[in-house]
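J.:
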Amino acid sequence: MADVLYFEFGEMRIFSNFVLVIMKEGITVKPEYNDDLLEVSEKYFRDRPFGYITFRKNSYAVNPMVYFKTSEIKNLVAFAVVSTDGLKIANLELEKRFLKKPFKHFKNLDEAKMWVNEMIDNTPG
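Residues 680 to 804, numbered by the numbering used here, are exactly what the sequence shown covers, in order.
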């Protein structure tokens, strides 16, 4: 792990192939938060593929419009959600419709990391 970055919405842990994001309790994820993700992608993953893992251990809302901007990040090749909460899992089907990237749900972090790394390994370069 290279860095841990703190933002208004939560924390982002930077790994060699992906970011792991833990959102703050009670927030609403807004499209403008993508500006921070874009900056991170340019600083840490310039010209190479990376993945995004959100570890949904806190309760928060997601404005699905956020995914339109997330979809524009060219080198983002995988989006994983880790959650065991049934309601959060049900919301994923709606969220998945807005993101134009591979999007997958996992019940544990290790499986999400493996999938993201596989997606990166299989990205033509």
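Where is the CB? At the ideal position from N, CA and C, for every residue including glycine.
Keep in mind the model is a prediction, meaning the values are calculated, not measured.
Leaving out the 5 sequence neighbours to the left and right, which residues in its chain are closer than 8 Å to M702 when beta-carbon positions are compared?
T.: Cβ neighbours of M702 beyond the five flanking positions: F688, G689, V708, T733, R735, N737, Y739.
J.: Is M744 buried or exposed, if buried means 16 or more other CB atoms sit within 10 Å of its CB?
T.: It counts as exposed.
J.: Looking only at its own chain, which residues have a Cβ that is under 8 Å from the Cβ of P781, when we skip the five neighbours before and after it?
T.: Cβ neighbours of P781 beyond the five flanking positions: V756, A757, F758, M798.
J.: How many whole angstroms separate the CB atoms of N696 and F729, which I take to be in contact at a CB cut-off of 8 Å?
T.: Rounded, the Cβ-Cβ distance is 6 Å, consistent with contact.
J.: Rounded to a whole number of angstroms, what is the C-alpha to C-alpha distance between D682 and R692?
T.: Straight-line Cα distance between these residues: approximately 6 Å.
J.: Which word fits K722, buried or exposed, when buried means at least 16 other C-beta atoms lie within 10 angstroms of its C-beta?
T.: Exposed, since its Cβ has fewer than 16 Cβ neighbours within 10 Å.
J.: Can you tell me where the beta strand (DSSP E) holding T733 begins and where it ends?
T.: It spans 729-734 - the beta strand (DSSP E) in which T733 sits, taken as one unbroken run.
J.: I need the straight-line Cα distance from I706 to N713, nearest angstrom please.
T.: Rounded to whole angstroms, I706 to N713 spans 15 Å at the Cα level.
J.: Nearest-angstrom Cα distance between T802 and S762?
T.: Looking at the two C-alpha atoms, the distance is approximately 26 Å.
J.: Roughly how many whole angstroms lie between the Cα atoms of T749 and L778?
T.: Cα to Cα, T749 sits roughly 7 Å from L778.
J.: Among E774, F686, L788, which has the Cα closest to the Cα of D715?
T.: Comparing Cα positions, the closest option is F686.
J.: By the DSSP assignment, the beta strand (DSSP E) with L716 in it spans what residues?
T.: L716 -> not in any beta strand (DSSP E); alpha helix (DSSP H) instead, spanning 713-723.
J.: Quick one: give me the first and last residue of the alpha helix (DSSP H) that D682 is part of.
T.: Looking at the DSSP string, D682 is not in any alpha helix (DSSP H); the run it does join, the beta strand (DSSP E), is 682-686.
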